[in-house]
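Enquirer: Please find one structure pasted underneath; my questions will follow.
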Amino acid sequence: MVGIFLRHSVSPWPAEREYVTIKEAETDPRYGSRPEERPIQDMLNYGYIPLDKPRGPTSGEITERVRRLLGVERAGHGGTLDPNGWGRSRSLRATPNPPRKRNKGLCGDPHLPEGVRLPA
Amino acid sequence: MRSNVARQVRKKELFEAEVLERDGRDVLLRMIVSGGTYVRKLCHDLGLVLGVGAHMVELRRIRIGPKSEKEAVTVQQLQRAAWQYREGGDEKMLRSIVRPIEELLEYIPRIVVLDSAVDAICHGAPLAKPGVAQAETRITRGATIGIYTLKGEIVAIAKALKSTEEILREGGIIAKTDRVFMARGTYPPRWGKGKSKTSQPTT
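What follows is the structure, encoded as structure tokens:
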């Protein structure tokens, strides 16, 4: 049974970020890459896809299809829509290191992916 | 309807609800709910409260956090993009579909760290003050924060042990690493080497 009450929705993400600088520093261009400049293979291992899930197949079935399509070792989805639901299920693949602790998802949406490994 | 979600008492927040359309006994509702709300059960409960009974027929998720359904692509579009990349080596379409993971973490306050601190965090080390370049002003003690590189890449999710003010005032451990995203070895390991100005790749 639900106790229903409404609350004004306030977006939990900021329009702008305010920082304090602790130490001025530069970054070495030889390592890593800006998220938008990431090589496509890294993007596939660190990315997510906002996918419009068709009606019928389950989120798990769609995730498996996406995994094969992209040829990645593992893929996951955030949010269980039941088989007749449709809409945005999302496919995610990320985190090359095996997680020490299973991620239970942060409060609110979106959920973070479960631990996923890089293709060997 | 059978479902894989266990029915149990859960406390969830419902932010908005409105009736969009009504056709006899069919009602179309739009709701904004917190993550993990089981909408099928919510519909069922609404029926109980109203004393008439209700079932959910269809469900469409129109937004997750800051991501709306307008950004969503179909499986066919993805299929085409994947084919273009794998057969023709053209990554343009695939690139427009696959989004960086950082976008999903928009709502978490950030701490930006020096290149020299990155690999230690990838190995699970806690973040100490000497590794910090910038900290967002809204960090509170105990908050979940994101540790980022100066290039804006997510390194890990961590638990803040100090607020922004405390970080400015004191030294020591600032955040406990919780969940690492970045592959070890992406940045060179620098710990235990003292204050070295030259960042020679060590492997």
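Going down the list, the protein sequences come from chains A and B.
Read in order, the letters of the first sequence are residues 1066 to 1185 in the working numbering.
Read in order, the letters of the second sequence are residues 90 to 292 in the working numbering.
Beta carbons: idealized from backbone N, C-alpha and C, even for Gly.
Please name the residue, chosen from L194(B), F270(B), L117(B), A171(B), that lies closest to R184(B) on a Cα-to-Cα basis.
Expert: Comparing Cα positions, the closest option is A171(B).
Enquirer: Using CA atoms only, rank isn't needed, just tell me which of I228(B), E180(B), R150(B), I246(B) is closest to H212(B).
Expert: Residue I246(B) is the option with its Cα nearest to H212(B).
Enquirer: By Cβ distance, which residues of its chain are closer than 8 angstroms to R1082(A), with the 5 residues on each side in sequence left out?
Expert: Answer for R1082(A): no residue qualifies.
Enquirer: Is the distance from the Cβ of V202(B) to the Cβ of V221(B) below 7 angstroms?
Expert: Yes, the Cβ-Cβ distance between V202(B) and V221(B) is below 7 angstroms.
Enquirer: State the DSSP-derived secondary structure class of I186(B), mapped to helix, strand or coil.
Expert: Helix, per DSSP.
Enquirer: Candidates G1136(A), Y1113(A), T1123(A): which alpha carbon is nearest I153(B)'s?
Expert: Per the Cα distances, Y1113(A).
Enquirer: Please list, in chain order, the chain B residues whose beta carbon lies closer than 7 angstroms to that of R1132(A).
Expert: None at all; the shortest Cβ gap to chain B is about 11 angstroms.
Enquirer: Does DSSP classify R150(B) as helix, strand or coil?
Expert: R150(B): strand per DSSP, three-state reduction.
Enquirer: Could you say if the segment 179–194 of chain B and the segment 143–152 of chain B meet the contact criterion of at least three C-beta pairs nearer than 8 angstroms?
Expert: The segment 179–194 of chain B, when compared against the segment 143–152 of chain B, does not touch it at the 8 angstroms Cβ threshold.
Enquirer: Would you kindly work out how many angstroms separate the C-alpha atoms of Y1111(A) and A1140(A), rounded to a whole number?
Expert: Each residue's Cα considered, the two are about 10 angstroms apart.
Enquirer: Express the C-alpha separation of V138(B) and E1126(A) in angstroms, rounding to a whole number.
Expert: Answer to the nearest angstrom: the Cα atoms are 35 angstroms apart.
Enquirer: Starting from M120(B), follow the beta strand (DSSP E) in both directions and report where the run begins and ends.
Expert: Its beta strand (DSSP E) spans residues 115–122.
Enquirer: Would DSSP call R258(B) helix, strand or coil?
Expert: Helix at R258(B).
Enquirer: Can you list the residues of chain A that R188(B) reaches, using a CB-CB cut of under 8 angstroms?
Expert: Residues of chain A passing the Cβ test: G1112, Y1113, I1114, P1115.
Enquirer: So what does DSSP say about T228(B), is it helix, strand or coil?
Expert: This sequence places Ile at residue 228(B); Thr is not what is there. DSSP places I228(B) in coil when its eight states are reduced to three.
Enquirer: Where do the N-terminal and C-terminal ends of the alpha helix (DSSP H) with R1132(A) fall, by residue?
Expert: First-last of the alpha helix (DSSP H) with R1132(A): 1124–1135.
Enquirer: Among the candidates Q1106(A), S1124(A), K1088(A), whose CA atom is the shortest distance from the CA of E1138(A)?
Expert: Checked all of Q1106(A), S1124(A), K1088(A); the closest Cα to E1138(A) is Q1106(A).
Enquirer: Identify each residue in the segment 1090–1103 of chain A for which the Cβ-Cβ distance to at least one residue of chain C is less than 9 angstroms, and report them in chain order.
Expert: In the displayed structure, chain C is absent; the protein chains listed are A and B.
Enquirer: Counting only beta-carbon separations shorter than 7 angstroms, does G1085(A) have a partner in chain B?
Expert: Reading off the sequence, residue 1085(A) comes out as Val, not Gly. Yes - at least one Cβ of chain B is within 7 angstroms of the one on V1085(A).
Enquirer: Count the other CB atoms within 10 Å of the CB of P1094(A); is the residue buried (16 or more) or exposed (fewer)?
Expert: By the neighbour-count rule (16 or more Cβ atoms within 10 Å), P1094(A) is not buried but exposed.
Enquirer: Starting from the beta carbon of R1082(A), find every residue of chain B whose beta carbon is closer than 9 angstroms, and list them in chain order.
Expert: What R1082(A) touches in chain B: P198, R199, E225, T226, R227.
Enquirer: Measuring only the C-alpha atoms, how far is K101(B) from G125(B)?
Expert: K101(B) and G125(B): Cα-Cα distance of roughly 8 angstroms.
Enquirer: Could you give the residue range of the beta strand (DSSP E) that holds D1093(A)?
Expert: D1093(A) -> no beta strand (DSSP E), and no H or E assigned at all.
Enquirer: If you draw a straight line from the C-alpha of G261(B) to the C-alpha of K218(B), how long is it?
Expert: Looking at the two C-alpha atoms, the distance is approximately 6 angstroms.
Enquirer: Taking a Cβ distance cut-off of 8 angstroms, strictly less, list which residues of the segment 248–259 of chain B are near chain A, in chain order.
Expert: The residues in question are T253, I256, L257.
Enquirer: Would you kindly check if the distance between the Cβ of P215(B) and the Cβ of K159(B) is under 7 angstroms?
Expert: Cβ atoms of K159(B) and P215(B): not closer than 7 angstroms.
Enquirer: Give me the Cα-Cα distance between Y276(B) and S205(B), rounded to the nearest whole angstrom.
Expert: Those two C-alpha atoms are separated by around 8 angstroms.
Enquirer: Please confirm whether T126(B) has its beta-carbon closer than 7 angstroms to some beta-carbon of chain A.
Expert: It does not; no Cβ of chain A falls within 7 angstroms.
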